[in-house]
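There are 2 protein chains.
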Amino acid sequence: MLNEKNVGLGKVRSSIRELFEYGKKRKAEIGEDKVFDFSIGNPSVPAPSRVADAIREIVDTTDPVLLHGYTSAQGDYSVRKTLADYINNRFATTLTADCLYLTCGAAASLTITLNALLNEGDEVITFAPYFPEYKVFTEHARGKLIALDCEDGTFQIDFKKLESALSPKTKAVLINSPNNPSGVVYGKRTIEKLADMLSAYSEKTGTPIYLISDEPYRELVYDDALEVPYIMNYYKRSLVCYSYSKSLSLPGERIGYIAVNNNMEEFADVYAGVCGAGRALGFVCAPNLFQQLIKKLYNVTSDISVYKRNRDRFYSALTEYGYKVVKPDGAFYMFVKSPEEDARAFAERAKKYELLIVAGDDFGCNGYVRISYCVAPEMLERALPAFKALAESYKI
Amino acid sequence: MLNEKNVGLGKVRSSIRELFEYGKKRKAEIGEDKVFDFSIGNPSVPAPSRVADAIREIVDTTDPVLLHGYTSAQGDYSVRKTLADYINNRFATTLTADCLYLTCGAAASLTITLNALLNEGDEVITFAPYFPEYKVFTEHARGKLIALDCEDGTFQIDFKKLESALSPKTKAVLINSPNNPSGVVYGKRTIEKLADMLSAYSEKTGTPIYLISDEPYRELVYDDALEVPYIMNYYKRSLVCYSYSKSLSLPGERIGYIAVNNNMEEFADVYAGVCGAGRALGFVCAPNLFQQLIKKLYNVTSDISVYKRNRDRFYSALTEYGYKVVKPDGAFYMFVKSPEEDARAFAERAKKYELLIVAGDDFGCNGYVRISYCVAPEMLERALPAFKALAESYKI
């Protein structure tokens, strides 16, 4: 009688959130330092001090009526202009301020984009493992998420699977690189191949397919030589969903944007769809103070070297203990093969060692667990004996 | 092929937003002080200085990892507890922290509530004039908005109309008091009568009907003797959608809450529906810094005496010029009878006098215009001759 779908979503929570809440309770029971919480992508590296400085400066120097007032629904023009110029310089695009739509973070970027594009029954293809909320967001927009398994062992796109999955129902392909939860980055050749396949299919069948790139982890790449291709340079029907949650360690403040590629013929309609969806979903505008902050700090990141050190330390320790891990190139997740077939049972057993890790089942990929290593290095160090004991309990 | 509904919403914009954008352009053309913008409810009274002080204090004293990190999806527990205690003290309710769900402002409160309650084809009854986005929000949740005309001249609920509109399809009644755009407040007897009618209908037919109270203007009432009834004290199936946009002059920061009445049997399901809808719509959590701000300033308001003075000055001037106006008891809008039948034509003619006012048609009430008087008193003073000249052009 109520909306059972949303009641169900509210009761179940995402498993990640569930574990996050469990962790908070458990810490209250046995002490903050006794629980090793690797459940959620809540950056442990603080926002750089320039964030606090910028907030103080903005508050000290801006008329509060302007600072806290409504902006245009798309976001303050001067902020959008700054970001468009920055993106153009960095990726050789030709975006204008009116290609950008500021959002309350990556989740909002995705729900708005999906509600702009999808009609009932439209399919969105993504690649497993994938962020579980993709399914929730797609289904709210009345679409269907088709999750294709990746190439075994590498977690790269399996193009044969993609080719057979494309259909006249395909409205969009949703990629996430660097990937949550695998940490894998799609290189230039992968993106080229993807773009070619989508273009060819579109041309052959007259089905326009949109490429949505969910990029909260763009800045979190641990090899200077590794370039994360900018999809607009490869595919015209593309939208970038960006967020400052991870790059600036501001996940609770909800600030990000959608960039719509102005190279597609139907750009004006797609952008209007974004504006209309933002309106219908109730977003009004992105938080103004954080819009102004981004205008100042658009090219700043937190000290992500901590995550790189965590990755290196963690990867070598886990492999030493006998775990099988795909070495992540970016983001701050490690996707580890479960020592038993049932990764949920493995994650449950880990709890006995006060280790909070998420079963890969929730990411559409059985037999693995996700470990978020965006944690304090001291905590990681203290948790290693527990990971070792857990491995020994399996005699791996 | 795209989602035509959302593309349409993005192209048309709300008329209010359209006029707001026109105003910004026009100001750039002829000068900020030459355009009299009464289009949007963007408070002109600045946020109290305690807002800036609190932001500085929070930034200076809180670990940035906590301050800018994710909170629980419902919002930080300590914030919700503070608000629940405050509401209980003020309105003699018995809410717990887990009756509250913090949101990105009033629009989010409404979309989340509607998506929690509605199934396809469910009806939501509201009373015209009403905030135009109610229709957009209801339709996004796959419901149908039924707007009933109010009593002529008073803009109070016409209970005969309500009685005949109630049907097994009615899922919710949505009220807004103090009202945007009429400024009218529903008194105790009105709310009692409304509650009685809904209870009686529910009992007779077994149709549960939810009462949603959209309350961004609760604190903006200009007569100390006038009490805005708290619906939870009158009706068990009730939800309050609150926002700090107007009371603290923070409309661009997007912070508010939903309070779910814990007196209804199905409370747990309704609250779960709220959590699930928030998740599906992509809200994640309300902006953390502003959650913390609200924890400090939950009982503070901007200096709303300015609005009262504006109301008094404006009301006496407009009636003196010959306009017919319902004297508003709250909010910061004046609903003025159009001197010609077509209020859109009137609003268009007003533009020639650089007066930006919104035709009542957009609020489901033809023949009126809405004038937002949340403006600087000096601007209001400067605009009066234009209103006078406009009246004279009609020879009223």
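Those protein sequences? They're chains A and B, same order as listed. Counting with the numbering used here, you get residues 1 to 396 for the letters of the first sequence. Counting with the numbering used here, you get residues 1001 to 1396 for the letters of the second sequence. Beta carbons: idealized from backbone N, C-alpha and C, even for Gly.
- As a beta-bridge residue in DSSP terms, L100 (chain A) pairs with A:A259.
- In this structure, the beta-carbon distance from E1227 (chain B) to S1247 (chain B) does not fall below 9 Å.
- Annotated three-state conformation of Y1353 (chain B) is coil, per DSSP.
- Within chain A, the residues placing a beta-carbon under 7 Å from that of C1275 (chain B) are G10, ordered along the chain.
- Rounded to whole angstroms, the separation of the alpha carbons of G1121 (chain B) and P1377 (chain B) is 45 Å.
- Between L19 (chain A) and S39 (chain A) a beta carbon distance of about 4 Å is seen, short of the 8 Å cut, so the two are scored as contacting.
- With respect to chain B, the C-beta atom of R370 (chain A) has no partner C-beta closer than 9 Å.
- Taken through DSSP and simplified to helix, strand or coil, R1142 (chain B) comes out as coil.
- The three-state secondary structure of V1326 (chain B), taken from DSSP, is strand.
- Between the alpha carbons of D1361 (chain B) and V1336 (chain B) lies a distance of about 12 Å.
- Only buried fits K1171 (chain B), as 16 or more other CB atoms lie within 10 angstroms of its CB.
- For a cut-off of 8 Å, the C-beta gap from L110 (chain A) to V124 (chain A) is around 10 Å, too long to register as a contact.
- Inter-residue distance for L1384 (chain B) and A1391 (chain B) is about 11 Å (C-alpha atoms, whole angstroms).
- For F1335 (chain B), the three-state secondary structure derived from DSSP is strand.
- Within the same chain, L166 come within 6 Å of Y201 (chain A) by CB-CB distance, once the 5 residues on both sides are set aside.
- Out of B:T1207, B:S1177 and B:C1285, the CA that lies nearest to the CA of K1169 (chain B) is found in B:T1207.
- Under the 9 Å criterion on CB atoms, V1035 (chain B) is classed as non-interfacial with respect to chain A.
- Taken in chain order, the members of the region 246–263 of chain A whose beta-carbon sits within less than 9 Å of a beta-carbon on chain B are L248, S249, L250, P251, G252, E253, R254 and I255.
- Only residues of its own chain outside the window of five on either side were considered, and among them K236 and R237 have a CB closer than 6 Å to the CB of M264 (chain A), listed in chain order.
- In the three-state reduction of the DSSP assignment, I175 (chain A) falls in the strand class.
- Residues of the region 1059–1092 of chain B that bring their beta carbon within less than 8 Å of a beta carbon in chain A comprise V1059, D1060, D1063, P1064, V1065, L1067, H1068, G1069, Y1070, T1071, S1072 and A1073, in sequence order.
- With its beta carbon at least 9 Å from every one in chain B, R313 (chain A) lies outside the interface.
- Residues of the region 141–166 of chain A with a Cβ closer than 7 Å to any Cβ of chain B: none.
- Apart from sequence neighbours up to five positions away, the residues of its chain that approach N288 (chain A) with a beta-carbon distance below 8 Å are L67, H68, G69, Y70, T71 and D76, ordered along the chain.
- Per DSSP, R370 (chain A) lies in no alpha helix (DSSP H); the unbroken beta strand (DSSP E) holding it starts and ends at Y368 to S372.
- Your pair I258 (chain A) and I112 (chain A) checks out as a contact, with CB atoms roughly 6 Å apart and the cut at 8 Å.
- Per the coordinates, the alpha-carbon of I1146 (chain B) lies some 6 Å from the alpha-carbon of T1126 (chain B).
- Relative to the Cα of S213 (chain A), the nearest Cα in the group A:R50, A:C241, A:R344 and A:V136 belongs to A:C241.
- With 16 or more other Cβ atoms inside 10 Å of its own Cβ, D329 (chain A) counts as buried.
- The region 27–35 of chain A makes no contact with the region 1024–1031 of chain B, as fewer than three CB pairs between them are under 8 Å.
- DSSP places I58 (chain A) in the helix class (H, G or I) of the three-state scheme.
- F1091 (chain B) and N1233 (chain B) have their C-alpha atoms spaced approximately 8 Å apart.
- Closest option to A1084 (chain B), judged by alpha-carbon separation, among B:N1299, B:F1332, B:F1314 and B:A1386: B:N1299.
- In this structure D1303 (chain B) is exposed. Its beta-carbon is surrounded by fewer than 16 other beta-carbon atoms within 10 angstroms.
- A residue is called buried when at least 16 other Cβ atoms come within 10 angstroms of its Cβ; R1254 (chain B) meets this threshold and is buried.
- Taken atom to atom, the span from the alpha-carbon of L1194 (chain B) to that of G1041 (chain B) is near 28 Å.
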